[in-house]
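For the sequence shown, the residue numbers in UniProt numbering are 1 to 374. No residue lacks a Cβ here, since even glycine has one placed at the ideal position from N, Cα and C. Here is the structure we will look at, set down as structure tokens.
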Amino acid sequence: MDSLEKQPAAIHWYGDAPDGKKPAALLIPQYNESSNGTDFRSRLAYFSAIAKQFHQTLDVVVIDDGSTDDSLAQIKSFKDRNPDSFFVSMITPNANKVGALYKTILALSHEFVILSDFDTEIHGLDLFFSNLSVLRNDSLMGCYFRMLPFEGNGSVFLFQQLEYSMSRTCYKFHRSEQSVPVMPGAGCCYKRKTLEDIYKRHSGLRSGEDREATLLGLKLGYKTFYFENILTLTKPPSTFRSLIKQRVRWNLGYIETFHKERRYYFHQIRKFSTIGIRTIADFLRVNFVLLFPFIMLIGVFANVQLLLIYLGLVYCSSLFLSVNALLIAPRESYEFRNRRMYSILYYPLFKISLDCIAWSLALISFARRRDHKS
Numbered sequence: 001m002d003s004l005e006k007q008p009a010a011i012h013w014y015g016d017a018p019d020g021k022k023p024a025a026l027l028i029p030q031y032n033e034s035s036n037g038t039d040f041r042s043r044l045a046y047f048s049a050i051a052k053q054f055h056q057t058l059d060v061v062v063i064d065d066g067s068t069d070d071s072l073a074q075i076k077s078f079k080d081r082n083p084d085s086f087f088v089s090m091i092t093p094n095a096n097k098v099g100a101l102y103k104t105i106l107a108l109s110h111e112f113v114i115l116s117d118f119d120t121e122i123h124g125l126d127l128f129f130s131n132l133s134v135l136r137n138d139s140l141m142g143c144y145f146r147m148l149p150f151e152g153n154g155s156v157f158l159f160q161q162l163e164y165s166m167s168r169t170c171y172k173f174h175r176s177e178q179s180v181p182v183m184p185g186a187g188c189c190y191k192r193k194t195l196e197d198i199y200k201r202h203s204g205l206r207s208g209e210d211r212e213a214t215l216l217g218l219k220l221g222y223k224t225f226y227f228e229n230i231l232t233l234t235k236p237p238s239t240f241r242s243l244i245k246q247r248v249r250w251n252l253g254y255i256e257t258f259h260k261e262r263r264y265y266f267h268q269i270r271k272f273s274t275i276g277i278r279t280i281a282d283f284l285r286v287n288f289v290l291l292f293p294f295i296m297l298i299g300v301f302a303n304v305q306l307l308l309i310y311l312g313l314v315y316c317s318s319l320f321l322s323v324n325a326l327l328i329a330p331r332e333s334y335e336f337r338n339r340r341m342y343s344i345l346y347y348p349l350f351k352i353s354l355d356c357i358a359w360s361l362a363l364i365s366f367a368r369r370r371d372h373k374s
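Listed below in structure tokens is the structure:
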């Protein structure tokens, strides 16, 4: 429950700390981004531009989470040349992102904190500040923004465009309940005091930090909503291998969160809430993709004709669900409307292959961690 509070990490500021007089702080955690293929200096320049554009309402805080490369040195150098840009918090030793965010939040006094990633751009923040009265509703913990993949091409990128679009379509079903399975840490906002309460209960596990934080907020009785006019442009994995690696981490986070908060999930299932229905759907989907290779193997040896019929039904069903999702919320696929049909045609095969590999590896990783702890 209080693992984050027990972390030995400490926060230090390079230069002045924010005075908290502005309503919101934008938090950008980073760890060794200089050596991760990121155009590091241009990203620092981007955050500096955001800080200057919204200097009356927003403090931008770049958080160095115990980097071991030259990232912190470059941040300090940029800050020295641009003293009126963003603020710099330094967490030592590495606190595993969520710990770094927690330590920084404890040192702030802003009303709201906006969470984003080092390689993500946010558009529409002016709309955020013109709607603060909505966010101040006591029942809300915050909101989440419209996440779009950008800077890419090829089948892996097109697949992610469609997948993100279908995920955003599901937000429509959460509107009346004002819930969501996960508020993406690359583009969301929390009331600072609420997020502080959430992190006090957070396990600190890295893989599912966003999902766990969202669930804990819902568990505390708060609601959230989709602020679709604020865009967060995120750079997705560019290869199938890197995509698998990302999804293994996401799926492991789901498993860890479900294991930790299984009573809440089962309670939502009994209530037949939107979260409960989504959980049932996820359970059925995961079981299907895990069993799919065995069904294929049995079909090859038992009856190839029936197997082909089965595969045809699976493919057509997936196509139907994909098209139906896009028709429910056509705006969510507007950015790639000219390539939708191409994406939809190969989506089922891509999705099943990815999920089968990623969920299998995530379950193996979770089992190994459990064995190691025991």
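Give the single residue among the options whose Cα lies nearest to the Cα of residue i.
i: H202; options: A358, E332, R370, V98; result: V98
i: K79; options: A51, D65, P330; result: A51
i: G142; options: T194, I91, L148, P149; result: T194
i: L125; options: I230, C170, V88; result: I230
i: K103; options: M183, K200, K191; result: K200
i: K22; options: F366, V180, V61; result: V61
i: T136; options: Y14, K191, I75, Y342; result: A small correction: the amino acid at residue 136 is Arg; Thr does not occupy that position in the sequence shown. Of Y14, K191, I75, Y342, the residue nearest in Cα terms is K191.
i: S109; options: S35, L115, E196, T257; result: E196
i: T239; options: Y226, S155, C189, G312; result: S155
i: S165; options: A329, L44, L127, G66; result: A329
i: E177; options: R278, R146, S133; result: R278
i: D59; options: P236, V113, S179; result: V113
i: K245; options: L354, F128, Y46, H55; result: L354
i: Y226; options: A95, I75, F145, F366; result: F145
i: G221; options: S179, R249, E228; result: S179
Does residue i pass the burial test, meaning 16 or more other C-beta atoms within 10 Å, or should it be called exposed?
i: K6; result: exposed
i: T224; result: buried
i: D2; result: Here D2 scores only 49 on pLDDT, less than 50, and its place in the model should not be relied on; the value that follows carries that caveat. D2 is exposed by the Cβ-count criterion.
i: N251; result: buried
i: E151; result: exposed
i: Q30; result: buried
i: N96; result: buried
i: G185; result: buried
i: H12; result: exposed
For residue i, report the span of its beta strand (DSSP E) as first-last.
i: M90; result: 87 to 92
i: C188; result: 187 to 191
i: T239; result: Taken as a continuous stretch (DSSP letters only), T239 belongs to no beta strand (DSSP E), as it is neither H nor E.
i: V60; result: 58 to 65
i: L140; result: 140 to 149
i: H110; result: From DSSP, H110 is part of no beta strand (DSSP E); its letter is neither H nor E.
i: Q30; result: 24 to 30
Please look up how many angstroms separate the CB atoms of residue i and residue j, rounded, as I've assumed it's under 8 Å.
i: N131; j: S71; result: Not really, about 34 Å apart at Cβ, beyond 8 Å.
i: F159; j: F350; result: 5 Å
i: C356; j: V289; result: 5 Å
i: K219; j: Y254; result: Wrong, their Cβ atoms sit about 16 Å apart, outside the cutoff.
Which stretch, first to last residue, makes up the alpha helix (DSSP H) that contains residue i?
i: R168; result: 154 to 169
i: M296; result: 274 to 302
i: E212; result: 209 to 219
i: H12; result: Counting along the chain, H12 falls outside any alpha helix (DSSP H), though it belongs to the beta strand (DSSP E) covering 10 to 13.
i: Q268; result: 262 to 271
Checking contacts by CB at 8 Å: is residue i closer than that to chain D?
i: P330; result: In the structure shown, chain D cannot be found, because there is only a single protein chain.
Out of curiosity, what's the CA-to-CA distance linking residue i and residue j?
i: R206; j: I91; result: 16 Å
i: T234; j: F118; result: 9 Å
i: H123; j: I269; result: 36 Å
i: V88; j: P18; result: 9 Å
i: A358; j: I352; result: 10 Å
i: L363; j: Q53; result: 45 Å
i: M341; j: Q161; result: 12 Å
i: T57; j: A10; result: 27 Å
i: V323; j: M296; result: 26 Å
i: R369; j: E256; result: 10 Å
i: L307; j: G276; result: 32 Å
Say yes only if the C-beta of residue i is nearer than 7 Å to one or more non-hydrogen atoms of the ligand MN, and no if none qualify.
i: G253; result: The ligand MN is not among the ligands present in this structure, which contains no ligands whatsoever.
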